[in-house]
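Peer 1: Got a structure for you, questions after.
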Amino acid sequence: MNYRHHFHAGNFADVMKHALFVRLLRALQRKEKGILYLDTHAGRGRYDLAAAAAGDTLARRPEWPDGIGRLWALPAGDVPAGLGDYLALVRDFDRRAGNLDGAPRFYPGSPWLAHALARPVDRLVFCEKHPAECGALRAEFAGLPRVAVQEDDGYTAVRALLPPRERRALLLMDPPFEEPDEFARLATALAEGLQRFPSGTYAIWYPLTARAKADAFLNAVRNLAPPPALALELDIAGADAAIKLKGCGVLVLNPPWQFEAEARAIVTALAGLLAQAPGAAARVQWIVPER
Ligand SMILES: C[S@@+](CC[C@H](N)C(=O)[O-])C[C@H]1O[C@@H](n2cnc3c(N)ncnc32)[C@H](O)[C@@H]1O
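Basically the working numbering = 1-based index in the sequence shown + 228.
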């Protein structure tokens, strides 16, 4: 397990995933009843964008300036409607963490975004397998009510925690894709999750490094005969660009009512804002249509 999210925090993929995630959670919270939020691959929760660059022995170009950096720089009136809520949460987190600079410094991972929105009736479970990352995550949430941090395999937690006692759940499955069989493991975990809890909302992040692998995964999901499934994809560059991660997707199973329209507006806006080379585009596709 060599992956550290630090170097990628706040990049275009985080922006897309987190902006959609915020809308998803808000939509599920339209009903008063509490939900279980399970983050299967939670990361460390908080990222110091300055420290990541300073500690990078490979001296890579930081990724956040082409992600959250671009949104941050927008004049308030130019922030697309669907992104305002997410951006306000990130700005608030950064300010509370003590940053007084003009540029972003502290970026919230999915656990802190979920916590910022959680109501007293909601329950949050964060799984992180890497001991050091999990230690940092545990320290972030020490003593906070309704939050459980588990140093555990996120896929095992899907089996262990579903069905939830709340009878409502949002799962974020956001693996690092270090292992060649990550898509297969995701599909297996989804099959198990759906078998135990078919009405849950599942959000799965996936990279668009090889179109064929993503398509095979979407096909595998289709073959599970799952509930309605919406694939949202963002290309930041065309197929010929010399960029390894040219785009990413978020697959949402059981999306809430009217989520498609909101999500479509978000990915369309991001294709304009986060383009890194010619050929940037947004795609929205029902993998399994709504009935
Ligand atoms: C992409 S990062 C997560 C980012 C986080 N969801 C966010 O949006 O802020 C993936 C994380 O999964 C962790 N990880 C890898 N394999 C895992 C597994 N089987 N179960 C749980 N966590 C795992 C890695 O250590 C890494 O911190």
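Quick reminder that beta carbons are idealized off the backbone N, C-alpha and C, glycines included.
Okay, do the stretch 264-272 and the stretch 290-304 touch, 3+ Cβ pairs below 8 Å being the bar?
Peer 2: Verdict: no, contact absent.
Peer 1: Within the present structure, is the beta-carbon of residue 361 separated from the nearest heavy atom of ligand 1 by less than 6 Å?
Peer 2: The count along the sequence shown starts at 1 and reaches residue 361 at position 133. Yes; taking the cut-off as 6 Å, the Cβ of residue 361 has a heavy atom of ligand 1 nearer than that.
Peer 1: According to DSSP, is residue 268 helix, strand or coil?
Peer 2: As a first step, residue 268 must be located in the sequence shown, where it is residue number 40. Reduced to three states, the DSSP call for residue 268 is coil.
Peer 1: Helix, strand or coil: which one does DSSP assign to residue 330?
Peer 2: Locating residue 330 in the sequence shown gives position 102, counting from the first residue. Residue 330 falls in the coil class under three-state DSSP.
Peer 1: Give a single yes or no on whether residue 358 has its beta carbon closer than 6 Å to a heavy atom of ligand 1.
Peer 2: If you number the sequence shown from 1, residue 358 lands on position 130. True, at least one ligand heavy atom lies under 6 Å from that Cβ.
Peer 1: Taking buried to mean at least 16 other C-beta atoms within 10 Å of its own C-beta, is residue 447 buried or exposed?
Peer 2: By one-based count along the sequence shown, residue 447 stands at place 219. Counting Cβ neighbours within 10 Å, residue 447 comes out exposed, since fewer than 16 surround it.
Peer 1: Closest to residue 268 by C-alpha separation, out of 331, 363, 326 and 432, would be which residue?
Peer 2: Taking the sequence shown and counting its residues from 1, one reaches residue 268 at position 40. Of 331, 363, 326 and 432, the residue nearest in Cα terms is 432.
Peer 1: Helix, strand or coil for residue 354 per DSSP?
Peer 2: Taking the sequence shown and counting its residues from 1, the one referred to as residue 354 is at position 126. If DSSP states are grouped into helix, strand and coil, residue 354 belongs with the strands.
Peer 1: So, is residue 402 buried or exposed, given that buried needs 16 or more other C-beta atoms within 10 angstroms?
Peer 2: As a working note, residue 402 is residue 174 in the sequence shown. Answer is buried; the Cβ neighbour count reaches 16.
Peer 1: Are there any heavy atoms of ligand 3 lying less than 6 Å away from the beta-carbon of residue 427, as far as the coordinates show?
Peer 2: Within the structure as shown, ligand 3 is missing, the only ligands being ligand 1.
Peer 1: Since residue 497 and residue 256 should fall inside the 8 Å C-beta cutoff, what is the C-beta to C-beta distance between them, to a whole number of angstroms?
Peer 2: As a position in the sequence shown, residue 497 is number 269, starting the count at 1. As a position in the sequence shown, residue 256 is number 28, starting the count at 1. Between residue 256 and residue 497 the Cβ distance is about 22 Å, and since that is not below 8 Å, they are no contact.
Peer 1: When you compare only the Cα positions, how much space is there between residue 395 and residue 389?
Peer 2: For the purposes of this step, residue 395 is taken as the residue at position 167 of the sequence shown. For the purposes of this step, residue 389 is taken as the residue at position 161 of the sequence shown. Cα to Cα, the separation comes out at about 11 Å.
Peer 1: Which residue's Cα is closest to the Cα of residue 314: 387, 418, 423 and 335?
Peer 2: Here residue 314 refers to the residue found at position 86 of the sequence shown. Nearest option by C-alpha distance: 335.
Peer 1: Short of 7 Å in beta carbon distance, which residues of its chain neighbour residue 459, apart from the five on each side in sequence? Order them along the chain.
Peer 2: Residue numbering aside, residue 459 sits at position 231 when the sequence shown is read from its first letter. So the qualifying residues of the chain are 446, 477, 479, 513 and 515.
Peer 1: CB residue 421 to CB residue 386, shorter than 7 Å?
Peer 2: For the purposes of this step, residue 421 is taken as residue 193 along the sequence shown, with counting starting at 1. For the purposes of this step, residue 386 is taken as residue 158 along the sequence shown, with counting starting at 1. In contact: residue 421 and residue 386 (Cβ atoms closer than 7 Å).
Peer 1: Does residue 471 pass the burial test, meaning 16 or more other C-beta atoms within 10 Å, or should it be called exposed?
Peer 2: Residue mapping note: residue 471 aligns to position 243 of the sequence shown, counting from 1. Classification of residue 471: exposed, given that the 10 Å Cβ count is below 16.
Peer 1: Quick one: complete beta strand (DSSP E) runs, 3+ long, within the stretch 426-452?
Peer 2: Listed in chain order, they are 429-435.
Peer 1: Helix, strand or coil for residue 504, going by three-state DSSP, please let me know.
Peer 2: Position 276 of the sequence shown, counted from the first residue, corresponds to residue 504. The answer is coil: DSSP assigns residue 504 none of H, G, I, E or B.
Peer 1: Rounded to whole angstroms, what's the CA-CA distance from residue 502 to residue 475? Just pull it up for me.
Peer 2: Working through the sequence shown from its first residue, we reach residue 502 at position 274. Working through the sequence shown from its first residue, we reach residue 475 at position 247. Residue 502 and residue 475: Cα-Cα distance of roughly 10 Å.
Peer 1: Please classify residue 260: is it buried, with 16 or more other beta-carbons within 10 angstroms of its beta-carbon, or exposed?
Peer 2: Numbered from its first residue, the sequence shown carries residue 260 at position 32. Looking at its Cβ environment, which holds fewer than 16 other Cβ atoms inside 10 Å, residue 260 is exposed.
Peer 1: How about residue 404: is its Cβ closer than 6 Å to a heavy atom in ligand 1?
Peer 2: As a working mapping, residue 404 is identified with position 176 in the sequence shown. Checking the Cβ of residue 404 against ligand 1 gives yes.
Peer 1: CB residue 374 to CB residue 347, shorter than 7 Å?
Peer 2: Residue mapping note: residue 374 aligns to position 146 of the sequence shown, counting from 1. Residue mapping note: residue 347 aligns to position 119 of the sequence shown, counting from 1. Their beta carbons are not under 7 Å apart, which means residue 374 does not touch residue 347 by this criterion.
Peer 1: Among the residues of its own chain, which have a CB less than 6 Å from the CB of residue 382, if the five just before and after it don't count?
Peer 2: Taking the sequence shown and counting its residues from 1, one reaches residue 382 at position 154. Cβ within range, chain order: 268, 269 and 355.
Peer 1: Measuring alpha carbon to alpha carbon, tell me which residue in 398, 298, 379 and 291 is nearest residue 363.
Peer 2: Translated into positions along the sequence shown, residue 363 becomes position 135. Selected option, being the one with the closest Cα: 379.
Peer 1: For residue 276, name the three-state secondary structure that DSSP assigns.
Peer 2: The sequence position of residue 276 within the sequence shown is 48, counting from 1. Looking at residue 276 - three-state DSSP - the assignment turns out to be strand.
Peer 1: The alpha helix (DSSP H) that contains residue 322, what's its start and end?
Peer 2: To locate residue 322, count along the sequence shown from 1; it is residue 94. Run containing residue 322: 309-324, per the alpha helix (DSSP H) assignment.
Peer 1: Do residue 337 and residue 295 come within 7 Å of each other at the CB atom, strictly closer than that value?
Peer 2: Translated into the one-based positions of the sequence shown, residue 295 becomes position 67. Translated into the one-based positions of the sequence shown, residue 337 becomes position 109. Their beta carbons are not under 7 Å apart, which means residue 295 does not touch residue 337 by this criterion.
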